[in-house]
Amino acid sequence: RVLALQALYQLDLRGKEFLEELDAFLSASAKDPDALAYARELARGCITRRDELDGLRQQAELMDAALSGLGHGTGRVVLNDETDPDILAEILYGLDTPSEIPAATFLPMGGKRTLSAMALEHLHQHAPTPVDVLSLPVGAPFGAVHIDVAGCTLCMSCVGTCPTGALIDNPDAPMLRFIEQACVQCGLCRNTCPESVMTLDPRFSFTEESRREMMLKQEEPFECIVCAKPFAAKSAIERTIEKLAGHPMFADDPAGLDRLRMCQDCRVTTQITDDQPMAQGTRRLTRTTDDYLAGKVDDDEP
53 RVLALQALYQ
63 LDLRGKEFLE
73 ELDAFLSASA
83 KDPDALAYAR
93 ELARGCITRR
103 DELDGLRQQA
113 ELMDAALSGL
123 GHGTGRVVLN
133 DETDPDILAE
143 ILYGLDTPSE
153 IPAATFLPMG
163 GKRTLSAMAL
173 EHLHQHAPTP
183 VDVLSLPVGA
193 PFGAVHIDVA
203 GCTLCMSCVG
213 TCPTGALIDN
223 PDAPMLRFIE
233 QACVQCGLCR
243 NTCPESVMTL
253 DPRFSFTEES
263 RREMMLKQEE
273 PFECIVCAKP
283 FAAKSAIERT
293 IEKLAGHPMF
303 ADDPAGLDRL
313 RMCQDCRVTT
323 QITDDQPMAQ
333 GTRRLTRTTD
343 DYLAGKVDDD
353 EP
């Protein structure tokens, strides 16, 4: 078998041809029970440049963490870039024979994320120690988002930057909802949050709640002090007034803070009807000779 493996390396095959030759090699070695176990359990890949394996190595670490967290043990996914067939054969013979996992029967339909979720669900069904929530390493494409409810002002900056629609707002009420299954842990919401109250939690949840909308925060809307129309989140208005209370712009204009408590319509109306701080008094009317002759004004009027 070592000679056959050496010959396989000397062929210098790539892609599909390499996999076909590798399948033939494993089939020929299947008479050995240990070789048959390796054929079932080892991850196979094409020989490629070592500097191109970083992405594959991250995926292997992610899968190994998932298998370990479900009780299937570690070392099932082996990524080896050794080019010496003698050393590789020695490594393969030194591997332990892992326990067998029943093969899945679902059709591999859908995108990469869907297939990954289906594979994890299958591993969870046959897990020696199943868990509802599986912890994953940092950088995993699955997970949840947690917020500090007290510090969140429902500004909805996170909703606008979420590329997958995992964070959802409600145009009729100040609330923030979340769908865990749609979250890819990109971190855009955390980086965009002006209050810095969002944290990422890389994990995979097998519960039904992860497929439904979850309420992260909800509060009563702030009503306009003039017309009582709800127009913003109460915490957002209160936080804005708190930060601007000592600003020089509002030091000589206490009514300016009240305008922040008004909706957009009442704010404009108030600015137009109230006394203007930049006004210089009433302009004097221009008087003509005709005005005096008509008796509209007299000589004693200033």
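Sequence positions in the sequence shown follow the working numbering and run 53 to 354.
Here a beta-carbon is modelled for each residue, glycine too, at the ideal position from N, C-alpha and C.
What you are looking at is a predicted structure, and each value in this text was computed from that prediction instead of being measured.
Quick one: using the 10 Å Cβ neighbour count with 16 as the cut-off for buried, is residue i buried or exposed?
{"i": "Glu232", "result": "buried"}
{"i": "Cys315", "result": "buried"}
{"i": "Lys269", "result": "buried"}
{"i": "Leu167", "result": "exposed"}
{"i": "Phe158", "result": "exposed"}
{"i": "Asp116", "result": "buried"}
{"i": "Gln177", "result": "exposed"}
{"i": "Asp64", "result": "Caution is warranted here: a pLDDT of 49 is assigned to Asp64, below 50, making its placement in the model unreliable, and the coordinate value is therefore given only provisionally. Asp64 should be labelled exposed."}
Please list the terminal residues of the continuous beta strand (DSSP E) segment that includes residue i.
{"i": "Met115", "result": "First-last for Met115: Asp106 to Gly121, but that is the alpha helix (DSSP H), not the beta strand (DSSP E)."}
{"i": "Val221", "result": "Note on residue identity: the sequence assigns Asp, not Val, to residue 221. Note, Asp221: beta strand (DSSP E), Leu219 to Asp221."}
{"i": "Arg270", "result": "Sequence check: residue 270 is Gln here, not Arg. Here the beta strand (DSSP E) through Gln270 covers Met266 to Gln270."}
{"i": "Leu252", "result": "Met250 to Ser257"}
{"i": "Ile187", "result": "Looking at the sequence itself, residue 187 is Ser, so the reference to Ile does not match. Unbroken beta strand (DSSP E) run through Ser187: Val185 to Ser187."}
With distances taken from CA atoms, which of the options is nearest residue i?
{"i": "Ser151", "options": "Ala179, Cys238 and Ala297", "result": "Ala179"}
{"i": "Thr135", "options": "Ile143, Glu113 and Gly217", "result": "Ile143"}
{"i": "Pro189", "options": "Ile277, Asn243, Asp133 and Gln110", "result": "Gln110"}
{"i": "Gly217", "options": "Leu172, Thr244 and Glu265", "result": "Glu265"}
{"i": "Met170", "options": "Lys281, Phe258 and Leu131", "result": "Phe258"}
{"i": "Glu272", "options": "Ala284, Val278, Glu261 and Cys279", "result": "Ala284"}
{"i": "Gly123", "options": "Ile153, Gly162 and Arg291", "result": "Ile153"}
{"i": "Thr244", "options": "Leu296, Glu260 and Leu219", "result": "Leu219"}
{"i": "Glu290", "options": "Ala202, Ser248, Pro137 and Val278", "result": "Ala202"}
{"i": "Val278", "options": "Lys295, Thr321, Ser287 and Pro246", "result": "Thr321"}
{"i": "Ala112", "options": "His174, Ala192 and Gly163", "result": "Ala192"}
Would you check if the distance between the CB atom of residue i and the CB atom of residue j is smaller than 7 Å?
{"i": "Cys210", "j": "Cys235", "result": "no"}
{"i": "Leu119", "j": "Arg128", "result": "yes"}
{"i": "Leu312", "j": "Ile293", "result": "yes"}
{"i": "Gly146", "j": "Leu186", "result": "no"}
Could you tell me the boundaries of the alpha helix (DSSP H) in which residue i lies?
{"i": "Leu170", "result": "According to the sequence as given, residue 170 is Met; it is not Leu. From DSSP, the alpha helix (DSSP H) with Met170 extends over Lys164 to Gln177."}
{"i": "Ser209", "result": "Ser209 to Thr213"}
Taking 8 Å as the threshold, find out whether the region 251–262 comes into contact with the region 196–210 through three or more Cβ pairs. Segment contact: the region 251–262 against the region 196–210, three or more CB-CB distances shorter than 8 Å; contact assigned.
Closer than 8 Å is the cut-off here; do at least three beta carbon pairs connect the region 202–214 with the region 226–244? Using a Cβ-Cβ distance cut-off of 8 Å, the region 202–214 and the region 226–244 are in contact, since at least three pairs of beta carbons, one from each stretch, lie closer than that value.
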